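Line order of the protein sequences matches chains V and E.
So in the numbering used here, spot 146 of the first sequence is number 146, and the numbers just go up one at a time.
Numbers given in the numbering used here equal positions in the second sequence, counted from 1, plus 497.
Beneath this line is the structure, given in structure tokens, with notes to follow.
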Amino acid sequence: MKPLLECRKIRKSFAGVRVLKDVDLELASGQVLGLVGQNGAGKSTLMNILGGVLPPDDGAMLLAGKPYAPRNPAQAAAAGVRIVHQELNLFPNLSVAENLFLDRLPRAPWGIRRKTLASQARELLHLVNLERDPRAPVEQLSTGERQLVEIAKALGDGAQLIVFDEPTTSLTQPEAARLFAIIDDLRGRGLGVIYISHQLDDVMRLADDVLVLRDGVRQACGPASVFTIPLLIQHMIGRELDHVYPERGAAIGEEIVLQLRNVSRRGVVDNVSLQVRSGEILGIAGMLGAGRSELARLAFGLDPLDAGTVLFSGEALALLTPGRAVARGGALITEDRRDDGLLMNASVEDNVLLASWRDYAFGGWLRRRAAKRGAAAMADSLKIGGSLHRPVGQLSGGNQQKAIFARWLLRKPRCLILDEPTRGIDVGAKDEIYRLIRRLTDAGTGILLISSEIEELLGLADRIVVMRAGRLAGEFDRAEFHRERVLACALGQETFV
Amino acid sequence: MISRAPSSVVRFAAAELSVAILALVYVLAVLPFCPELATRDQAFAVLLNAAPLLVLALGQSFALLIGGIDLSVSGVISLSGVVGAMILTRDDGALADSSLAIPVALLVMLLIGGVAGATQGAAVAYWELPAFIVTMCGMMALGGVAVWLTGGERLGGLSLPLLDAMQGDWLHVPVMLWIAAALAIVCHLLLQHTVLGKHLYAVGHNARAARVAGISLGRVTCFAYGAAGTCSALAALLYTCRTESATPSFAREILLDAIGAAVIGGVSLSGGRVSVVGIVCGALLITLVGNSLTLLNLDYWHVLMAKGGVILVAALLDAARRGVVGGRA
């Protein structure tokens with residue numbers, strides 16, 4: 001059978017650094033290819049070349065037997081190649097139907113044929129099993145629904161090959177399950193699919209073939225049936241993972257470093273009380289939209305409380321602001337590095353020092369050399385490589401996250417709130433983040449850990465509380481940790497187990 | 498994705514270098530037509546004209562640095578100039594014959610600027626209004642108050658000791674130049690060597706991230722607009738002493754010259770980027786264009802056309818240097 005897509009010896013360098021080294025790729029119609037690798041392995045670059053965003057330095061591509069060399073994303077789309085990105089490319093203010101038919105709206109002398117548009121859109125939405133009014137503006141849709149719209153758009157435009165780049169990052173579990181069903185359906189229609197993800201079990205479940213990239217080299221490739229997840233990880237990082245979750249080095253302390261009393265905010269968080277001791281890790285499990293991130297924002301003074309009290313190290317603050325929380329040893333790492341975490345265009349050094357300038361000043365006057373030394377030592381101990389003067393936006397996801405950890409480690413926080421600390425970072429970097437978390441608790445920091453990865457909570461936390469629809473729905477001590485029970489509690493299906 | 502960026506030292510040097518080269522090219526290009534430009538008198542005239550503009554551009558850069566803008570410049574200049582003149586007038590001023598007149602007037606002028614600015618900053622920070630709207634209202638309202646106070650008349654007859662001092666020289670260099678230079682140095686130190694400076698940069702880069710890191714957006718924003726207002730008031734002092742009068746309807750075009758000087762100097766309108774050396778070069782270049790074309794007996798609209806062109810060229814050079822034009826951002 002003739003392959004749908006063939007890439008031969010694709011090469012790409014950025015400023016003399018080789019990012020892709022003679023990568024071959026083959027994909028037949030009606031096949032799903034799983035593409036895995038650590039951050040910085042070259043997956044995104046390869047997809048950008050495929051999607052016409054970047055030209056390759058060398059190598060050739062064939063699409064359905066014909067030479068394929070898109071010069072921009074529009075040409076790639078015209079040839080039938082579509083990339084469904086992590087950040088979706090829809091216009092939120094336009095309706096679903098308008099988004100679907102943006103460049104070929106059914107015209108009439110007086111404007112747009114609304115009825116034709118709606119009925120054509122309904123047909124397309126039917127293909128992806130999305131029962132929504134096509135006249136609804138896209139901003140009213142959930143992330144998962146928007147993704148389906150984007151797939152429908154690709155189908156409507158006659159795509160032969162759809163690339164999914166980390167499609168499940170912001171999906172709920174039912175949404176992800178629906179996406180997988182659609183991908184199976186695409187396969188049945190004879191489309192080619194490339195599926196990029198850090199979620200290796202998803203890849204194993206979906207893919208016919210798997211391709212592992214490491215440092216820009218095709219490390220392994222073959223039918224999914226010959227791989228196991230540990231084997232994939234081994235190929236990705238080049239060594240076997242021994243201790244994923246490091247052991248506790250110091251006992252949990254007595255002092256309560258963070259306490260929430262009856263915290264509420266209308267519509268998102270309802271009467272939540274919890275406490276974290278020094279050196280303890282309290283995990284918060286729950287589905288997307290259960291109010292976990294909102295709780296973190298409330299505890300840190302980023303959003304106003306409707307009712308309740310937050311105590312840092314036993315001290316209740318009349319007016320809670322992030323500045324006061326930080327001054328009392330609080331720290332927060334949000335789930336959204338780009339918007340709430342980093343100054344993307346500022347240097348690594350400035351990002352690391354962001355919360356500590358005052359500590360390196362005498363009466364407002366900076367001791368810049370001391371600050372530089374402090375930042376450099378911290379970056380060194382966290383193994384953030386490269387010059388500290390380059391913009392932090394150029395770092396890989398894992399190193400960006402380490403830069404934010406370095407920022408708070410410099411302040412030796414009493415209490416750290418972590419919201420999805422390992423989202424979108426690769427296996428090797430995850431391991432380092434886990435060790436950092438342990439290093440903090442061994443030094444007496446209490447940690448509130450929000451994670452959608454149940455394994456992470458089970459591996460790290462001393463206690464887990466479960467949130468559902470803004471309320472606390474259950475609590476588990478380490479002795480009674482049980483994967484299915486925690487999940488069932490989060491889903492509100494205790495009877496299920 | 499891996500790519501190398503030049504160190505920040507190289508990038509900053511490049512930013513200021515391109516403005517300096519642009520200024521040099523401009524001087525060489527017009528020199529054959531008006532050789533007077535190279536005389537000591539003309540050089541000082543350019544510098545003296547550039548001084549109040551530099552003060553305004555430095556003030557504006559505080560607002561631009563945090564991703565805002567201060568349109569209230571002409572309003573603050575009018576009001577603080579007029580109030581200062583009312584205190585200082587020889588015959589019927591509030592403190593006409595008192596020795597306190599000068600210090601009180603200076604203090605009140607700067608206070609008006611600082612308070613007007615900080616108030617606008619508070620409106621931007623705590624009411625979450627767009628800076629463009631708030632400061633545009635400030636421009637109108639403050640200018641209106643100035644006209645109301647004076648009945649629309651220009652105020653003259655200022656205290657002679659002040660005029661003597663401000664129009665004089667110190668170490669063979671005009672006092673006004675010393676003032677502008679001192680302000681530039683203070684701004685540079687503040688931006689590069691203080692906690693506040695780092696917080697201003699942080700808010701300009703990403704206000705949400707700065708807030709999560711414990712930086713008070715309200716305080717930083719109030720300071721930035723307060724500093725911008727204070728600089729406008731200082732510029733009002735320079736203008737008042739140079740023209741020996743204060744007008745309640747100060748020309749609004751000065752705002753665009755100030756923004757132009759800042760942009761030429763590499764200040765980003767989207768925040769997070771500022772260079773005092775660049776702003777100095779920018780203010781000089783804009784003044785050079787105005788002075789040289791006036792020397793050539795060209796009309797006001799020619800000067801405007803040339804200024805527009807120069808600012809555009811500077812902005813293009815800056816964009817090209819950052820790899821925006823003709824490539825991907």
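Glycine included, each C-beta is placed from N, C-alpha and C at the ideal position.
Being a predicted model, the structure only gives us computed values, none of them experimental.
Extent of the continuous alpha helix (DSSP H) to which E:Thr740 belongs: Numbered from its first residue, the second sequence carries residue 740 of chain E at position 243. Here the alpha helix (DSSP H) through E:Thr740 covers 714-740.
DSSP three-state call for V:Met287: helix, strand or coil? As a working mapping, residue 287 of chain V is identified with position 287 in the first sequence. Residue state, collapsed to three classes: coil.
Say whether chain E places a C-beta atom closer than 8 Å to the C-beta of V:Leu20. Translated into the one-based positions of the first sequence, residue 20 of chain V becomes position 20. Closer than 8 Å: no.
I think V:Arg146 touches V:Leu90, with their Cβ atoms under 8 Å apart; what is that distance to the nearest whole Å? Here residue 146 of chain V corresponds to residue number 146 of the first sequence, with the count starting at 1. Here residue 90 of chain V corresponds to residue number 90 of the first sequence, with the count starting at 1. Indeed they touch by this definition, with Cβ atoms about 6 Å apart.
So which residues of chain E does V:Gly341 contact, with C-beta pairs closer than 8 Å? By 1-based counting over the first sequence, the position of residue 341 of chain V is 341. Chain order gives the chain E residues near V:Gly341 as Ala706, Val709, where near means a beta carbon separation below 8 Å.
Identity of the residue in V:Lys430, V:Glu484, V:Arg471, V:Asn345 nearest V:His198 by Cα: In the first sequence, residue 198 of chain V corresponds to position 198, counting from 1. Taking each of V:Lys430, V:Glu484, V:Arg471, V:Asn345 in turn and checking the Cα distance to V:His198, the smallest one comes out for V:Lys430.
Helix, strand or coil: how does DSSP classify V:Arg218 here? On the first sequence, residue 218 of chain V is found 218 positions in, with the first residue counted as 1. Reduced to three states, the DSSP call for V:Arg218 is strand.
Taking the beta strand (DSSP E) that V:Gly80 falls in, what are its first and last residues? In the first sequence, counting from the first residue as 1, residue 80 of chain V sits at position 80. Counting along the chain, V:Gly80 falls outside any beta strand (DSSP E), and DSSP gives it neither H nor E.
Proximity of V:Lys43 and V:Asp24 at Cβ, strictly below 8 Å: In the first sequence, the residue the question calls residue 43 of chain V occupies position 43. In the first sequence, the residue the question calls residue 24 of chain V occupies position 24. No.
Whose C-alpha, out of V:Glu26, V:Ile229, V:His389, is nearest the C-alpha of V:Pro3? The count along the first sequence starts at 1 and reaches residue 3 of chain V at position 3. Of all alpha-carbon atoms in V:Glu26, V:Ile229, V:His389, the one lying nearest the alpha-carbon of V:Pro3 is that of V:Glu26.
Nearest to V:Asp442 by alpha carbon, out of V:Ile281, V:Arg292, V:Lys402? Start at 1 with the first residue of the first sequence, and residue 442 of chain V comes out as number 442. Answer by Cα proximity: V:Ile281.
Beta-carbon separation of E:Ser558 and E:Val764 under 8 Å? For the purposes of this step, residue 558 of chain E is taken as the residue at position 61 of the second sequence. For the purposes of this step, residue 764 of chain E is taken as the residue at position 267 of the second sequence. Result yes, Cβ atoms of E:Ser558 and E:Val764 sit closer than 8 Å.
By DSSP's criteria, V:Leu35 is part of a beta bridge. Which residues make up the other side? Along the first sequence, read from residue 1 onward, the residue named residue 35 of chain V stands at position 35. V:Leu35 is bridged by DSSP to V:Ile196, V:Leu211.
Bounding residues of the alpha helix (DSSP H) (the contiguous stretch that carries V:Phe180): Counted from its first residue, the first sequence places residue 180 of chain V at position 180. 173-188 is the extent of the alpha helix (DSSP H) around V:Phe180.
Cβ distance (whole Å) where V:Leu395 is taken to contact V:Ala403 below 8 Å: Walking along the first sequence from the start, residue 395 of chain V turns up at place 395. Walking along the first sequence from the start, residue 403 of chain V turns up at place 403. That belief holds up - the Cβ atoms of V:Leu395 and V:Ala403 are roughly 7 Å apart, short of 8 Å.
Which first and last residues belong to the beta strand (DSSP E) in which V:Gln275 is found? The residue given as residue 275 of chain V occupies position 275 in the first sequence. 269-277 is the span of the beta strand (DSSP E), which, as asked, contains V:Gln275.
Under a CB-based cut-off of 8 Å, is E:Leu752 close to chain V? The residue you call residue 752 of chain E lines up with position 255 of the second sequence. The beta carbon of E:Leu752 sits no closer than 8 Å to any beta carbon of chain V.
Report yes or no: do three or more beta-carbon pairs, one from the region 352-361 of chain V and one from the region 687-700 of chain E, lie closer than 8 Å? Inter-segment contact for the region 352-361 of chain V and the region 687-700 of chain E is present: three or more beta-carbon pairs are separated by less than 8 Å.
Over what stretch of residues does the beta strand (DSSP E) that includes V:Glu6 continue unbroken? Locating residue 6 of chain V in the first sequence gives position 6, counting from the first residue. Per DSSP, V:Glu6 belongs to the beta strand (DSSP E) from 5-14.
Straight-line Cα distance separating V:Leu213 from E:Asp815: Residue mapping note: residue 815 of chain E aligns to position 318 of the second sequence, counting from 1. Residue mapping note: residue 213 of chain V aligns to position 213 of the first sequence, counting from 1. Cα-Cα distance, rounded: 38 Å.
Counting C-beta neighbours from all protein chains within 10 Å, is the total for V:Tyr434 16 or more, i.e. buried, or is it exposed? The residue given as residue 434 of chain V occupies position 434 in the first sequence. Residue environment for V:Tyr434: buried (at least 16 other C-beta atoms within 10 angstroms of its C-beta).
Run of the alpha helix (DSSP H) containing E:Ile676, from where it starts to where it stops: Taking the second sequence and counting its residues from 1, one reaches residue 676 of chain E at position 179. E:Ile676 -> alpha helix (DSSP H) spans 672-690.
Could you work out which residue in V:Arg122, V:Leu54, V:Cys221 is closest to V:Val556 when comparing CA atoms only? A question about residue 556 of chain V goes unanswered here, because the residues of chain V that appear run from 1 up to 497.
Per DSSP, cross-strand counterpart(s) of V:Glu315: Counted from its first residue, the first sequence places residue 315 of chain V at position 315. Per DSSP, the beta-bridge partners of V:Glu315 are V:Phe312.
Any chain E beta carbon closer than 8 Å to V:Pro55: One-based indexing of the first sequence puts residue 55 of chain V at position 55. Among the CB atoms of chain E, none fall inside 8 Å of the CB of V:Pro55.
For the beta strand (DSSP E) that V:Gly330 lies in, which residues bound it at each end? Here residue 330 of chain V refers to the residue found at position 330 of the first sequence. Counting along the chain, the beta strand (DSSP E) containing V:Gly330 begins and ends at 330-333.
Count Cβ pairs between the region 249-268 of chain V and the region 102-119 of chain V that sit closer than 8 Å; are there 3 or more? The region 249-268 of chain V vs the region 102-119 of chain V: no contact.
Does DSSP put E:Val631 in a helix, a strand or coil? As a working note, residue 631 of chain E is residue 134 in the second sequence. The answer is helix: DSSP assigns E:Val631 an H, G or I state.
Going by C-alpha to C-alpha distance, which of E:His685, E:Gly654, E:Trp667, E:Ile761 sits closest to E:Thr784? Working through the second sequence from its first residue, we reach residue 784 of chain E at position 287. Closest option to E:Thr784, Cα to Cα, is E:Ile761.
Taking C-beta pairs closer than 7 Å, name the residues in chain E that V:Pro322 reaches, listed in chain order. Indexing the first sequence from 1 puts residue 322 of chain V at position 322. Per Cβ cutoff of 7 Å: Arg708, Val709, Gly711.
Apart from the five residues on each side of it in sequence, which residues of its chain come closer than 8 Å, Cβ to Cβ, to V:Glu453? As a first step, residue 453 of chain V is located in the first sequence; it is residue number 453 there, counting from the start. Only Thr422 meet the Cβ criterion.
Helix, strand or coil at V:Pro413 [DSSP, three-state]: By 1-based counting over the first sequence, the position of residue 413 of chain V is 413. In the three-state reduction of the DSSP assignment, V:Pro413 falls in the coil class.
Anything in chain E within Cβ reach of V:Val81, meaning under 9 Å, just list it in chain order. The residue labelled residue 81 of chain V in the question sits at position 81 within the first sequence. Going along chain E, no residue has its Cβ under 9 Å from V:Val81, so there is no contact; the nearest lies around 19 Å.
Which term fits V:Asp477, buried or exposed, when burial requires 16 or more other beta carbons within 10 angstroms of its beta carbon? Mapped onto the first sequence, residue 477 of chain V falls at position 477. So V:Asp477 ends up on the exposed side.
Kindly examine the ligand SAH and report whether one of its heavy atoms sits closer than 7 Å to the Cβ of V:Ala121. What this structure holds is no ligand at all, so the ligand SAH is not there to describe.
Got a sec: is the Cβ-Cβ distance from E:Leu693 to anything in chain V below 8 Å? Numbered from its first residue, the second sequence carries residue 693 of chain E at position 196. Output row for E:Leu693: interface = yes.
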